[in-house]
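Working notes, beginning with the structure itself.
Protein chains in written order, with my numbering: chain A, -4 to 107; chain B, 2 to 113.
Right under this line is the structure:
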């Protein structure tokens, strides 16, 4: 499984755009990049997944450069409710299931 | 659907006692996962099932841990005997084999 590296913590003011970058230098050809969000006292929640270039949904955007050795999760105009831990996961589908490993994640603190 | 349901939400037990954690996955999901989360190690995958069959239990820390899935709507994680170092939050998740796994609220286990 590809190892991921992301900042341990980040602070941001309300209304700002937040970009969290994840490094995955040894990503394999078949690996996808997935981000999860976890609020205190809750289980993680899927945010977005991508393979290359850019993916956007109602919650976030995911930017993946051509070499795929890193990815950036972008949260537009964050609010206090976006305070959470964000996990970057890299893994390939095997037998119908994407094998991934959760790391420690990035703790995002949104400040009023 | 009510989502993934775990019980109990909190469990306090004495060292040496047997502990059983329960999980009801989302109806129709054919993958079920058990995770353990601690401050030191983050979120670790213990075991996962596909169509009620255990596929990968390499994350189960010791023989004291066992998991079963007798049918598509129920799974248990048992620790016997329990030890203080087993104290953690245990999450159950289910999915259709895609990147989007749905997590339960977790069971906070404290072994004293």
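Beta carbons are placed, not taken as given, at the ideal position from N, Cα and C, and that holds for glycine. Note that the structure is predicted; figures quoted are calculated from it, not measured.
- Across the set A:34, A:22, A:20, the C-alpha of A:34 shows the shortest separation from the C-alpha of residue 102 (chain A).
- Taking 9 Å as the cut-off, the Cβ atoms of residue 27 (chain A) and residue 41 (chain A) do not count as close.
- A straight line joining the alpha-carbon of residue 4 (chain B) with that of residue 37 (chain A) spans about 13 Å.
- The C-beta of residue 13 (chain B) comes no closer than 9 Å to any C-beta of chain A.
- Collapsing the DSSP output to three states places residue 6 (chain A) in a strand.
- In the structure shown, residue 85 (chain B) falls within a helical segment according to DSSP collapsed to helix, strand and coil.
- When beta bridges are read from the DSSP output, residue 14 (chain A) appears opposite A:69.
- With a threshold of 9 Å between beta carbons, residue 40 (chain A) makes contact with chain B.
- Taking C-alpha positions only, residue 73 (chain B) is separated from residue 86 (chain A) by approximately 26 Å.
- Taking a contact as a CB-CB distance under 8 Å, the pair residue 15 (chain B) and residue 81 (chain B) does not count as one, their CB atoms being some 13 Å apart.
- Excluding sequence positions up to five before and after residue 13 (chain B), its CB lies within less than 7 Å of the CB of 111, 113, all in the same chain and listed in chain order.
- Per DSSP, reduced to three states, the secondary structure at residue 76 (chain A) is helical.
- The Cβ atoms of residue 37 (chain B) and residue 89 (chain B) sit closer than 9 Å to each other.
- If you ignore the 5 residues before and after residue 15 (chain A), its C-beta comes within less than 6 Å of the C-beta of 68, 81, 101, all in its own chain and listed in chain order.
- For residue 66 (chain B), the enclosing beta strand (DSSP E) begins and ends at 66 to 72.
- Residue pairing by DSSP places residue 103 (chain A) opposite A:5, A:79 in a beta bridge.
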